[in-house]
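Shown next, in structure tokens, is the structure this report addresses.
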Amino acid sequence: MGKESGIRLIANNKKAYHDYFIEDTYEAGIELAGTEVKSMRMGKCSIKESFIQIDRGEVFVYGMHISPYEKGNIFNKDPLRTRKLLLHQYEIRKIAGKIAEKGYTLVPLKVYFKGSLVKVEVGIAKGKKLYDKRQDIAKKDQKREAEREFKVKNL
0 MGKESGIRLI ANNKKAYHDY FIEDTYEAGI ELAGTEVKSM RMGKCSIKES
50 FIQIDRGEVF VYGMHISPYE KGNIFNKDPL RTRKLLLHQY EIRKIAGKIA
100 EKGYTLVPLK VYFKGSLVKV EVGIAKGKKL YDKRQDIAKK DQKREAEREF
150 KVKNL
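Here it is in structure tokens:
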């Protein structure tokens, strides 16, 4: 039949959505060792403090933490090692052109399984100012308050 098409989320970077305006997203594969994939299947991955850079036409993710696999012994890799992201060359050139502009950066947004493959959603992001963050927090508070009042009225 083929691969299963289900998408299973492993890690989500909520902080990126709080700190940046996400302008464009790309789906990238990631180069992993066998024990890292097994660890990811158990959900042991964090991308909170990670960032992405383009170096000599290749894209790398830094600071992505994948916990060592318990039964992996000598085959375990360094949890914070630099990992290569797999994108098409035209996508890399397009991204490089965009992040060359002032204020743009590349951040990992999600790590997930797509079938049996591990994928990373990468976003081109522009940093938010403090007042932008305050506006977002105010909107969330208003929405929460409206939902609370709606819930009270319907009891």
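Numbering (numbering that gives the first Met the number 0), first residue to last: 0 to 154. Here a beta-carbon is modelled for each residue, glycine too, at the ideal position from N, C-alpha and C.
1) Which residue marks the beginning of the alpha helix (DSSP H) containing Gly33, and which one marks its end?
2) Buried or exposed for Lys138, going by 16 or more other Cβ atoms inside 10 Å?
3) Among the residues of its own chain, which have a CB less than 7 Å from the CB of Tyr19, if the five just before and after it don't count?
4) Would you kindly work out how many angstroms separate the C-alpha atoms of Thr81 and Lys93, rounded to a whole number?
5) In terms of DSSP beta bridges, what is Arg7 paired with?
6) Report all residues from its chain with a CB closer than 6 Å to the CB of Ile21; omit the five preceding and five following residues, and keep chain order.
7) Between the stretch 36–45 and the stretch 59–69, do at least 3 Cβ pairs fall closer than 8 Å?
8) Give me the Cβ distance between Lys118 and Ala15, rounded to the nearest whole Å; I'm assuming they're in contact under 8 Å.
9) So Glu26 is in the alpha helix (DSSP H); what residue range does that whole segment cover?
10) Please classify Thr24 as buried or exposed, where buried requires at least 16 other C-beta atoms within 10 Å of its C-beta.
11) So, using beta-carbon positions, are Val58 and Leu79 closer together than 9 Å?
12) Of all the options Ile29, Glu144, Asn12, which has the alpha carbon lying nearest to the alpha carbon of Phe112?
From the atom records:
1) 33–40
2) exposed
3) Cβ neighbours of Tyr19 beyond the five flanking positions: Val106, Ala124, Lys125, Gly126, Lys127.
4) A direct Cα-Cα distance of roughly 22 Å separates Thr81 from Lys93.
5) Phe112
6) Gly122, Ala124, listed in sequence order.
7) yes
8) Between Ala15 and Lys118 the Cβ distance is about 16 Å, and since that is not below 8 Å, they are no contact.
9) It is not in any alpha helix (DSSP H) - Glu26 instead sits in the beta strand (DSSP E) that spans 19–29.
10) The residue in question, Thr24, is exposed, as its Cβ has fewer than 16 Cβ neighbours within 10 Å.
11) no
12) Ile29
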